[in-house]
Amino acid sequence: MNALHLMAELIFMPLIAFIVGMMMVLMMRKISARLQRRIGPPFFQPLYDIVKLYGKDTQISHGLIHDIGIIMAVGGYIGAEILLPVPGMEGIAAKGGVITLSYFLMIPSLGMALGVGQCANPNGSIGISRALTAMLAYDIPFILVVFGAAWHYQSTSLIGMIEYQQVHQWGIVEMPLLAIAGLFALQGMLGKQPFEIYIAPAEIATGPMVEMSGKYMGGLFVMQTFQLYTAGVLYASLFLGGGTSFLTLLPKAFLVVALPMSIAFMFPRYKTEDVIRILWKWPVMLGLISLAFIL
Amino acid sequence: MKKELKIKQKERTNPLAHVFDDFIRFCQSKSLFMLHYCTGCGAIELPPAMTSRFDMERLGIQPMVTPRQADILLITGYVSIKTLKRVILTYEQMQSPKYVIGICSCTVNGGMYWQSYATAKKLNEYMPVDVYIAGCMPRPEAVMAGLQRLKDNIRNDKKEHKGSAWKDYFKRYDYYLGNQQALFGEDWQTPTDIIAEAKLYGLETEETYGKHTKLLEKHQTPLLPQEMRIK
Amino acid sequence: MKKINYNDKGSILNPLKNLQFYARKPVTEPLGPRDASASYRGFHINDLNKCIGCSSCQKICDNAAITMVEVPSIKEDAAKGLRNLRPAIDYGRCCWCALCVDICPTSAIEMTREYVHTCDGDETDSYFIFPKETGIHGDSFEKGWTKTEDSDLLDRIRRPMGEMLSEARIDNFDEIVDGFTLEMAVQEASRCVDCGLCEDACPAHMHAPNYIRSIYEGNLEQAVEWMYETNPFSHVCGRVCTHICETACSLGHGEGESDPIAIRWLKRFAMDNVSKTKIKQIARKGKARKKSGKSIAVVGAGPAGLTAAFDLVKKGHKVTVYESLPKAGGMTRYGIPNYRLPEDRLDQDIEVIQSVGVDIKYNVKVGTDISMAQLYKDNHAVVMAIGLQMGRSTRIKGSDHKMVVKAVDLLRMIPKGDKVNVPKSAVVIGGGNVAMDIARSMARLQQQKYGEVNITLTALEQLGKTFLADDEEVKESLEEGISILDARGPKQCVIKNNKLVGLETVKVISIFDAQGRFAPKYDEEDLQFHQADMVIEAIGQMSDVSILGEELTEELEWNRGRIQIDENGHTSVEWLWSAGDMVKGPDVINAVADGHRVAKDIDRFLNK
Amino acid sequence: MNKVQIDEILNKVNGIKITHKRKTRIRVDVDADSLPTLLELIKGRASYIHLSAITCVDWIADNQFELVYHVWSYEEKCLISAHTRIDRGSEKNPAKYISVYDLFKPADFFERDIFEMYGVTFIGSPRMEKFILTEWNGVPPMLKDFDAEAYVQETFKWTDYNPDWLQELTDQGGGIAVKPEDIRTAGNTHNMSTHRERDKAKAAAVKANDKMQGWKQ
Amino acid sequence: MRPENYQAVKLGDSNEYEIFIGPNHPGIEGNYAFRLMLDGDIVVSGKADAGYLHRGFEKLMEGRLWIQNLAIVPRICVPDPAPMEVAYSMAVEEIMGIEAPIRAQWIRTMQLELSRVAAHLFTFGGHAATTGMYTPMFWGVADRDLVLDLFEDFTGGRVYSIYNIPGGVRRELPPEFLQKLSNLLDYLESRQNDYDNLLFTNQVFVERAKGCGALTQSQALELSVTGPNLRACGLAYDVRRDDPYLVYDELEFDIPRQKHGDAYSRILVRRDELFQSIRILRQIIERLPSIKGKIRTPIPNPLSWNVRKGEAYARVESSKGELAYYVVSDGGDKPYRVHVRGPSSMHAVQTLEFLAKGARLEDVAQIMFSLDACPPEVDR
């Protein structure tokens, strides 16, 4: 693998993530539409939204830290994308592994916290404090899941894990409880109901996003595409055997994303302490039991 | 009659600029975030338009809750003077390009409340309006038709110059400010510096300034963010 | 219904049951406007031909959204109650409540099922629309909210007027019509939509909406006050007016059964129920305190002359009225039978006029007792209002027989108390109100004398179509046993042995020629004979202008046998005005209007 | 509690006038002084605990405000409307009355409303401040001597429409004949025969035209 | 333009800070504002800020003819306009001493109940949305729209029917209308399971709603709370039964109630009421065809009704609570005074302020929506 090849992969992996992510956003909106008995947006809607937001004439920045926050948020995910192997492209996944990836996944939230803190809007501040609390809540099961999976596959490299599953059985069959715990963590990570507390328009008017506009909002939209993609592919890689080609990987990834979405539109949100209570109770319990089996 | 106004326009040198602009305009017309501020009764027909029966999202329009993210400001009916202040605040906080849709009779000539001491009669005295939708209140289908019209206007803006009413606010700020001052009193001010913004876009004209902006300067206190609270 | 217990915790799985909606179809409607319901209140349309410009819609509009615009291409006709005003609607105000639809007397304005209108920010002009048969965008949409019987806000049916039965009234000259009771009058008055078409139509422009309104409020004195502003002959007009106002009434324009308001009966009701002294007080209101020192002579104490006198006296002038007959009132007294206008009512009107200060000299025949020149010498101005006192003759063969008489002459004899030669059977030629009056008067006399009625009325016009007399008159005549033969022209009076035997008539084919001139065509084949002892001609009257004297007749300009006057009744002689029937044709309210006009002009002239 | 019993309780108040309008409505007229006593009485003795509304009516001809307290009893299923009249006061010396907040908590809202709309100060009411009309600086708007329509005509401008069809009609010699504002300014809606208004408008137009001509010359 | 110098407001030395909810805020029903003092997540005090929808209704009505007011009355409460029309018509009828024909009364009752169904369907969605669940709103509004279709059918207007006129109603029902209504009721009942599963027995929602904004019966009575909110506190008081109007005394219906007075009780009461309304409507479908006759007692002179001197206090049970119109006539052609007692004027101000105190920030929006407060009734 030469440097040029690597460079190309480093460019293409986020690009693929972006495109697939947009389709996932579209799917999310279509799912909500279907469950709400309507038709939903046109196919290119996510793209239109992002381009429009970047094309706004007015761009309000709340200072350098604000900008850095958004860059961190998007950058964190871009970093995560190149750590996430897809068929044919490994990027630096072999070097990083799943532990690095999970650290990268925390960067966006911290970046948001930085950026939003700069806006000084009380709603934003409340939102971000809730977001960090929620992060704390879903990170425990998430770490448990990653740890359990790594232990089970005896590898911290996603490539290794995928290979293991190609040879043996899918992770979900071998450790179903951990997979379920993973789904909980996923729900929390994506910030969907019932763990949607930090967005909460009715209380704090969409929390962290309140002061975001123009390209900053666009940044968040991009971040969302990456987020969905990462969540889908990561989970597919951990439990559903990854994929040898995009044809096998993507359906799994889409399925993984569709599941929390379907649930999300059926539930209200929990309060902050309930989020912690639920996320620390069931998934952690499941994770620990599962760990006990694995260990 | 409106005078033709001279506008200092920045030169674009990039040869692809036009293509790029067209693409952005296309996307702008396809994706509109709507701040629906329930200023009046017309707001009751927006939930149907947004929800399953008429599904506004088909047109790429979705509600947004903060003015910063919204492209369209829907004025759904009468605006009482107390609301009008907030509407203007909201409008000025929105990010250009921004569009205003006046729904119901009341936004045109006072409507049902033409003899009320508490409502403003003509919306376009206080902010430029892009599209009006007639009805008291208009049915969701009419609202959708209005939104479609706005979309067409935005897409054809280059040819017909219909989708850029917002520029008028900067170009003729003095006029709008004058009307606002007439209603709210001389010491009316908002936390947004419109003149600076006009300069930024190169949209300042002779009519941006006038006796009303002078009055504003006289009364203006330095902009402090949380002063946004209006008494 | 399934009960939900408060203490149930609910289930986390229940909501997931709704994942079944993946399999259910969306309920979203296709893009584009749906059809609205059959009674939808969409944009307005207005049938410009049906619309009469009464502006009721404007009045009921709670949002002040309707502006009346003048459309010059539409013909205006005050007498028919047609204005060239049409509503234009401001959609910047309208709330689509459809009250305008529900009040429209002619169901012209209606609503369609069209409801989408959008415009750009600088096109607000499109919010001000002029509804026509096609909607706001010129497209035809199905009708939405239209007026139904239930939603109609107007009371279409006139309160019935009590009348004496034909058996009871046939042998006397008592007044036929009972008049309204208070309750009925208020109900009738409540139907008014205050459009003012009647006021436009009325020659004297009586403030009908105002006095109707006052009656509705129960304030009869106020009503009388409104009447005396424009008409000192309110008692007379309350009974025998030709009520052009009722033809014009917007309520009468409606489709189907829709009666105009009984404006005349309301006037009568108000006048009858206010005491004479009160009326006198009201009449005196607005009389100038200062005497002007000018004096005017009025020839003829008919409605025109007395109205002019009344007005002039109120302006402070001295007025003397010369009347050749022993009582004032002119044709209203000597032309209209008592059963339509009781004498005491007329007396009261005249008494009121006199009480204001009009001096009437009776039994003075100008031309013989006093010459016109003398009148001019004594006064600053002279008004000629002698009316039409001579009947016209058909000039058919035998019409010079002594038993062929003129209706006016006969009519004049009855109130004077002269002995009338009542024939056993009579034929009346003519289809106007005078013909009816004489026919019905003679019928009464016959009944009194012989106990039976034998009167035949022949007229050129067709019943129910072009007939001249009022429908009520026709109806009542028929009730009283008078046989009416329409579309028959007189051929000759048959005289045998110097004695009148009857009248021969022929069928009328047409009355007017292509140019609209009076030139009746007859079917000579269709001949009928009507046996009669007396033939009464009631085909029109003319004025006896011999009193002017030769000199003056020379000096005056004439037009087809009538004195030439300008629009204010001023003749070509500086000091002479002419008013009333003699220049305007027979009609009380026209005469009154003329009186006002002349009085105004004289006042202007004298104050010059 | 039957009619007699309630009458008995009500009659304890001096100078009371009781009208039984129908089964569930009793109208009571009392002096301004004894109204609080009455309310206390019916609340304490007769279970009238639900204050439905307090209405103020401005009888400007009598120079009085009428205050109407609508009190409902859940048990009797009957509404007592207690009417009382207070002096209308003047601009300098606004009308005053006693608050019933101690008896009925909702009085807070209604009294504040009347304070805003009519300028009646209720002594003892907890929040005598602006609530709805915070942006209003004029006289209390519900007063009969505040002419809202005149105020509106003075303050606001109307849209000046000039659509094509109107221009066409004007060219033909027609055009706007009677504006809706015209009939309203004529005072009442009656006595406004259209033609008279039109004549007036025409006369005014002719006059104005003549004036213009005069100036030109 | 660039307010970089944003800073949090610190009020004094305390830890309290202020948040202004509204008027443009998804957590506020309509155009209303609520000023909250917060200590952490706990509301220290709340203060309602109204007047954003103030039009001076009562003044406007004094300046319009009796009949002209028909068009303006429904606009006082937008989600549930029918009771406004009926209450005004009833008040005028009482002063005039006339009565609407029986058939008109039945049609009015039908209109009121349909309006209640529509309003409740609307409320469910709003209430659910404050807890973060949007699907009920999409469903509820779409189903409400079907009711609006019926309104359009028989009144000619979707939202503002302007259908009542003192003396009766303006138009006869269109043919086949009752069949359509019956189909709609069938459909709504078939949807019951979906709604129950999604909302009323949704564990997360139940958990959120229980105990939120709890009001005891005595507190409710003290604050003049009425309607479903009062019935959720255990007092089965309903104007329809206790101060009967129209034909409610001929109809059979239960008055649902709950004991706990919290948000969950309130939404349950509304749910039950919805089905009681359907029950009433079924009875109306059965009875209405047999009631023949006129639908309007015409009042003469549309431009100037002869409303004699007098006053009337007409009360109607709207979907929000006790709605009352106090109309005073001095015998003129315009009302002398009209006072509107909107039920929400009690709920949205004092009750909301009372309940907000000590509540969590997350719950404030839910409390407001669960009270089903309608700001235009406060502002008028």
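Chains as they are written, first to last, in our numbering: chain A, 4 to 298; chain B, 18 to 248; chain C, 189 to 796; chain D, 23 to 239; chain E, 535 to 914. Glycine residues also receive a C-beta, built at the ideal position from the N, C-alpha and C atoms.
Which two residues bound the contiguous beta strand (DSSP E) that contains D714 of chain C? F706 to Q719
Is the distance from the Cβ of L61 of chain D to the Cβ of V122 of chain D below 7 Å? yes
Tell me the DSSP bridge mates of T306 of chain C? B:I150
Which chain D residues sit within Cβ distance under 8 Å of E784 of chain E? Within 8 Å Cβ-Cβ: nothing; E784 of chain E doesn't reach chain D, min ~17 Å.
Delimiting residues of the alpha helix (DSSP H) encompassing C611 of chain E: That residue, C611 of chain E, is in no alpha helix (DSSP H); it is neither H nor E in DSSP.
Cross-chain neighbours of Y193 of chain B in chain C, by beta carbon under 8 Å: Neighbours of Y193 of chain B on chain C: none; closest Cβ ~13 Å, over 8 Å.
Once DSSP output is grouped into helix, strand and coil, what is the label at I102 of chain A? helix
Comparing the C-beta of D679 of chain E with each C-beta of chain B, is any distance below 7 Å? yes
Quick check on T181 of chain D: buried or exposed, where buried means 16 or more other Cβ atoms within 10 Å of its Cβ? buried
DSSP three-state call for T56 of chain B: helix, strand or coil? coil
So, with DSSP's three-state summary, where would you put A411 of chain C? helix
Proximal residues of chain C, C-beta to C-beta of S128 of chain A below 8 Å: Residues of chain C passing the Cβ test: none, with the nearest at roughly 32 Å.
Using a Cβ-Cβ cut-off of less than 8 Å, give me the residues of the segment 727-759 of chain E that come near chain A, in sequence order. L732, N736, V738, F739, E741 and R742
Measuring CB to CB, does D913 of chain E end up less than 7 Å from I102 of chain D? no
By alpha-carbon positions, which one of E:T885, E:A882, E:A858 and E:E887 ends up nearest to H873 of chain E? E:A858
So who's on the other strand from G111 of chain D, going by DSSP bridges? D:P116
Alpha helix (DSSP H) segment containing W183 of chain B, residue limits: W183 to K188
So T689 of chain E contacts chain A; which residues on that side make the cut at Cβ distance below 8 Å? Residues of chain A passing the Cβ test: none, with the nearest at roughly 26 Å.
Hey, is T83 of chain B's beta-carbon within less than 7 Å of any beta-carbon in chain A? yes
Alpha-carbon spacing of H441 of chain C relative to S295 of chain C, whole angstroms: 10 Å
At a Cβ threshold of 7 Å, is D906 of chain E touching chain B? no
Please go through the same chain and pick out, in chain order, the residues whose beta-carbon is closer than 6 Å to the beta-carbon of R280 of chain A, but skip the five residues on each side of it. none
Quick one: is M220 of chain A near chain B, going by C-beta distance under 7 Å? yes
is_contact[K102 of chain B, chain E] using C-beta, thresh 7 Å: no
Neighbour-count burial assignment, M111 of chain B, 16 or more Cβ in a 10 Å radius: buried
Run through the DSSP bridge pairs and tell me what E741 of chain E is partnered with. Partner(s): none; E741 of chain E has no beta bridge.
Please report the straight-line C-alpha distance between R725 of chain E and L732 of chain E, rounded to a whole angstrom. 11 Å
Going by the beta-carbon positions, is the gap between P125 of chain A and A76 of chain A smaller than 7 Å? no
When the cut-off is 7 Å and only beta carbons count, does A621 of chain E lie next to chain B? no
Would R133 of chain A count as contacting chain C if we go by Cβ distances under 7 Å? no
Check whether the Cβ atoms of L691 of chain C and I672 of chain C sit closer than 7 Å, and answer yes or no. no
Buried or exposed for Y779 of chain E, please, with buried defined as at least 16 other CB atoms from any protein chain shown within 10 angstroms of its CB. buried
With 7 Å as the threshold, decide whether the Cβ of E199 of chain A is near any Cβ in chain E. yes
Are the beta-carbon atoms of V616 of chain C and V546 of chain C separated by less than 7 Å? no
Three Cβ pairs or more, each shorter than 8 Å: is that satisfied between the segment 899-910 of chain E and the segment 876-884 of chain E? yes
Give me the Cβ distance between P491 of chain C and F421 of chain C, rounded to the nearest whole Å; I'm assuming they're in contact under 8 Å. 5 Å
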